[in-house]
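Q:
Chains as they are written, first to last, in the numbering used here: chain A, 60 to 527; chain B, 951 to 1483.
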């Protein structure tokens, strides 16, 4: 009998080709070591609660009440839950017939989408249409859905920044399209030179690729930078001229740790640029409850907002969303709470504010500890908290080749074995040939940061001494 | 008009991609003037008028997206929502005062109550800081508090807001594996489990893995739950239909499987898997054990992956049938990992818990090599993990309160109330449908649906053709407009050509059933009077 359908050789090639480093080799090795009893500091993925960040109290109160609505009838509920949490729970339960246990509208609960639209309007100063906002099980799902709509044939290309968050490369691989890289300039705060962009697209087209979309990750992952307003304008103009749909991954919009380049949404800049471009450029923007100071990764909550996408296309995107029936309802409520936060005067406002500020300020401090820590290490440069460049000596590169590993993978594995710090090698995100990075996160507890950085410095400087 | 345009678009896209691939295969760069006239024209046009071919229009969208359909939330529901808005804006504008959604298996949207114990545990896991408070003991049952502690201990750092292992939290998988073992009497390995946001994403994952090109086929029952047809279309494969036999209570005949398999093969289709939905959706039948053994033998013989959709495993209403998982059946036949590849799907959305909005579920994969498992893991990891609350719920569903637990009695009472009510409603609607002229309805042995067959008179079929609608959609639309009752036309599930059905859920509240029955009966009589003459 011939081989079976799910024998390795008979699998969909696109599945085999796709790679997702964030939970790849380093993570698996780290998990092995953890099982053996070694203390591991997981900094491979932006997973704040796993590293001790506490959930914000108010949303958890609201969701607990939504989970157990019979509590609302109990006369003693006020002993455990503040009145505004009770009111919010009632509000959200009223928005979806059947509460948390019923499939909602496939685009997400209409009332929540209105709240998200209002949030966007307050942020940008331009109105947003709830009909063009779809809630999703995490931003990742939304990104995959949109890419699936765009990629038709292997020659359909998507411009993706290098370095990038490997969801993009994995998804493009999976759907059988072409990734067209454009390089960010490390020495210019990971900014964009528009000429590099033109070169990338020109090269791709010469190779027969139909470039259809451009991804920007702003603020950047793994790079951590915010694009300047000028860069955003250039990108928007470029997409308009080259007939590309712009995909703006803005999940880190609330994680800004420097004041030089504040966050501006692609949509705001687009509308600032006025007609005709503001009415014609196709844009999809993504956001999440997993990042910011909420860090609610485990809820799987996110949304995408479509701008200038024709109604028939929106219908098709809706149709695909309807096959999975609906995004999970609890996460939709988290998104509503994020979009429509407590106000001054609300009972829980002070606590919520204090918790939020506390997290953000701590993140900022940790970002600086990490940046300064890395930059004080031998051969470690350009650190903007979490994606430092490691200048590996040729002998280290040779040693890596001998064990058949990429040089940065070799370095990161050695770092892991020596210190328990689990990072992701830069090759997982893409980098210029011969230039190496690692990605970590600023999420370990603040009190642990100094020792983590000194641990890293000790390992790094010894490694460099050894191989130089 | 839209179909015509998209057909044209597809042709255009095919032509364009053929041109592109010609360019790709040549080793030199092709400047504009060396392209074929059509390609050159396209390039020229696109530089002249970039916005005449906007990136995401109906003409340039992925054709697989265009191709797929999902009737459960399709056209009829859109019409129903418009009518609902009408009633709101303009009460009395229609001969009914409410829309009765019988289109979707969404029990809690129709007032089915959640299982208290499950919700208690979930609430405590969502807000663990109240676990230590004394007031909590006054508001929650002791065993819910205990279970919440147990679950939180299995979650690193008790962090329910953190991404988990991509297969789902290990401790919860252990619980589910024990639950599977208790159900079947055969061991289950937690490493075989992938917890997902409902069963649907797990189905998509398998389709992704199995379908390489349109020459790959998946055997699906007709009628089928349209997730399968939609997913196969989205991933670019071919649905190979096998017809369930309405005359024998939607029987699954091996001879039919063999016939369809051979036909597909002779058409150059490489058939890779067999989907079985048990209990059936929309058909509601529960397979007999002997039948299940035949299916297992067939898959083993033909080297097919068996995809067992078992989301309705806790919805069986007839005393003469019982649910047996395909895992149990294969193991009881002495078949193990080396004999057959089996994927079993379960969900928290159905049963007596009906927690659709939570998006919880899992697939259990057995009979796959380590290399393939790695690939499945990799696919799961791209989305990082499924939502934690749904994972917790899946573990509760597979490991509910036991005799002796404080909540056991109330849990049992709630479970019994839901299941017996579902059985009663199934019977009432079934009887009503069978009493209608020209309508036959097989019994709902399980699941949540009735799938009656309507013998539509020729006059009705002609009227449907003139209205450019499928005859069963024509009937369903008239039904909706006259009564406010929303059903899904049978063509959304596929059916033997020339037969017409609709799917109606058994979920409306029990007190609404008599009104539904009388309105439906009245409508049907008028319909037959009008179209039989």
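The C-beta atom is built at its ideal place from N, Cα and C for all residues, glycine as well.
Could you tell me which whole beta strand (DSSP E) segments of length 3 or greater appear in the region 1354 to 1384 of chain B?
A: List check, beta strand (DSSP E) in window: nothing returned.
Q: Report all residues from its chain with a CB closer than 8 angstroms to the CB of residue 376 of chain A; omit the five preceding and five following residues, and keep chain order.
A: For residue 376 of chain A, where only same-chain residues beyond five positions count, the Cβ hits under 8 angstroms are 193, 204, 205, 208, 365, 368.
Q: At what residues does the alpha helix (DSSP H) containing residue 232 of chain A begin and finish?
A: Looking at the DSSP string, the run of the alpha helix (DSSP H) that includes residue 232 of chain A is 226 to 233.
Q: Consider the C-beta atom of residue 189 of chain A and the heavy atoms of the ligand GTP; say whether any pair is separated by less than 7 angstroms.
A: The ligand GTP is not part of the structure shown, which contains no ligands of any sort.
Q: Just checking my contact of residue 1298 of chain B with residue 1340 of chain B at CB under 8 angstroms: how many whole Å lie between their CB atoms?
A: 7 angstroms between Cβ atoms; contact.
Q: Tell me whether the region 1326 to 1339 of chain B and the region 355 to 365 of chain A touch, counting them as touching only if at least three CB pairs, one residue from each stretch, are closer than 8 angstroms.
A: At 8 angstroms Cβ cutoff, the stretches touch.
Q: Considering only DSSP beta bridges, list what residue 1146 of chain B is partnered with.
A: According to DSSP, which records beta bridges pairwise, residue 1146 of chain B is partnered with B/1311.
Q: How many Å lie between residue 1386 of chain B and residue 1377 of chain B at the Cα?
A: Going by the C-alpha atoms only, they are around 15 angstroms apart.
Q: Output the boundary residues of the beta strand (DSSP E) element that contains residue 1296 of chain B.
A: Taken as a continuous stretch (DSSP letters only), the beta strand (DSSP E) holding residue 1296 of chain B covers 1292 to 1297.
Q: Determine the direct distance from the alpha carbon of residue 130 of chain A to that of residue 1141 of chain B, and round the result to whole angstroms.
A: Approximately 37 angstroms between the Cα atoms of the pair.
Q: Is it buried or exposed for residue 462 of chain A, if we count other Cβ within 10 angstroms and need 16 for buried?
A: Exposed, by the Cβ-count rule.
Q: For residue 150 of chain A, decide whether its Cβ has a neighbour in chain B, counting only Cβ atoms nearer than 8 angstroms.
A: Closer than 8 angstroms: no.
Q: Let me make sure I understand the geometry here. Which of B/1068, B/1022, B/1397 has the alpha-carbon closest to that of residue 1351 of chain B?
A: Out of B/1068, B/1022, B/1397, B/1068 has the C-alpha closest to the C-alpha of residue 1351 of chain B.
Q: Would you check if the region 65 to 74 of chain A and the region 1318 to 1327 of chain B touch, i.e. whether three or more CB-CB distances between them fall below 8 angstroms?
A: Yes, the region 1318 to 1327 of chain B touches the region 65 to 74 of chain A.
Q: Measuring only the C-alpha atoms, how far is residue 337 of chain A from residue 1463 of chain B?
A: Rounded to the nearest angstrom, the two C-alpha atoms are 52 angstroms apart.
Q: How many whole angstroms separate the CB atoms of residue 481 of chain A and residue 101 of chain A, which I take to be in contact at a CB cut-off of 8 angstroms?
A: With a Cβ gap of about 5 angstroms, residue 481 of chain A and residue 101 of chain A count as contacting.
Q: Can you find the residues in the same chain that come closer than 6 angstroms, C-beta to C-beta, to residue 499 of chain A, ignoring five residues on each side of it along the sequence?
A: Result list for residue 499 of chain A: 102, 445, 482, in chain order.
Q: What's the gap between the Cα of residue 1204 of chain B and the Cα of residue 1125 of chain B?
A: Cα to Cα, residue 1204 of chain B sits roughly 36 angstroms from residue 1125 of chain B.
Q: Using the three-state DSSP reduction, which class does residue 528 of chain A fall into: helix, strand or coil?
A: Absent from the model: residue 528 of chain A. The displayed extent of chain A is 60 to 527, so no value can be given.
Q: Cα-Cα, which of B/1052, B/1309, B/1301, B/1196 is closest to residue 1262 of chain B?
A: With distances taken between Cα atoms, residue 1262 of chain B lies closest to B/1301.
Q: Reducing DSSP to helix, strand and coil, say where residue 1477 of chain B ends up.
A: Three-state DSSP puts residue 1477 of chain B in a helix.
Q: Please report the residue range of the alpha helix (DSSP H) in which residue 1209 of chain B lies.
A: From DSSP, the alpha helix (DSSP H) with residue 1209 of chain B extends over 1204 to 1216.
Q: Would you kindly work out how many angstroms separate the C-alpha atoms of residue 1337 of chain B and residue 196 of chain A, rounded to a whole number?
A: Whole-angstrom Cα-Cα distance: 8 angstroms.
Q: Just checking, does the region 1408 to 1422 of chain B make contact with the region 1314 to 1321 of chain B on the three C-beta pairs under 8 angstroms criterion?
A: Because the criterion of three Cβ pairs below 8 angstroms is not met, the region 1408 to 1422 of chain B and the region 1314 to 1321 of chain B do not touch.
Q: Put residue 1061 of chain B into one of helix, strand or coil per three-state DSSP.
A: Looking at residue 1061 of chain B - three-state DSSP - the assignment turns out to be coil, as it is neither helix nor strand.
Q: What did DSSP end up calling residue 1222 of chain B once you bin it into helix, strand or coil?
A: Residue state, collapsed to three classes: strand.
Q: Identify every run of the alpha helix (DSSP H) within the region 287 to 373 of chain A, keeping only runs that are complete inside it and at least 4 residues long; order them along the chain.
A: Listed in chain order, they are 288 to 301, 325 to 331, 336 to 339.
Q: What residues from chain B crowd round residue 126 of chain A, counting only those whose CB sits closer than 7 angstroms?
A: Here the neighbours are 1069, 1072, 1073, 1076.
Q: Hey, residue 1065 of chain B and residue 1273 of chain B: beta-carbon distance below 8 angstroms or not?
A: The answer is no: Cβ separation not under 8 angstroms.
Q: Give every residue of the same chain whose Cβ lies closer than 8 angstroms to the Cβ of residue 259 of chain A, excluding the five residues on either side of it in the sequence, and list them in chain order.
A: Excluding sequence neighbours, residue 259 of chain A sits near 218, 239, 240, 241, 242.
Q: Pairs of beta-carbons, one from the region 134 to 151 of chain A and one from the region 1084 to 1094 of chain B, closer than 8 angstroms: are there three or more?
A: Taking 8 angstroms as the limit for Cβ pairs, the verdict is that the region 1084 to 1094 of chain B does touch the region 134 to 151 of chain A.
Q: Buried or exposed, going by whether 16 or more other CB atoms sit within 10 Å of the CB of residue 1459 of chain B?
A: Residue 1459 of chain B is exposed by the Cβ-count criterion.
Q: If you reduce the DSSP assignment to three classes, tell me which class residue 1167 of chain B lands in.
A: If DSSP states are grouped into helix, strand and coil, residue 1167 of chain B belongs with the strands.
Q: If I'm right that residue 1400 of chain B touches residue 1265 of chain B with Cβ under 8 angstroms, what's the distance once you round it to whole angstroms?
A: Not really, about 13 angstroms apart at Cβ, beyond 8 angstroms.
Q: By the DSSP assignment, the alpha helix (DSSP H) with residue 1282 of chain B in it spans what residues?
A: Looking at the DSSP string, the run of the alpha helix (DSSP H) that includes residue 1282 of chain B is 1276 to 1282.
Q: Please state whether the Cβ-Cβ distance between residue 1295 of chain B and residue 1152 of chain B is less than 8 angstroms.
A: Yes; because the gap between Cβ atoms is below 8 angstroms, this pair is in contact.
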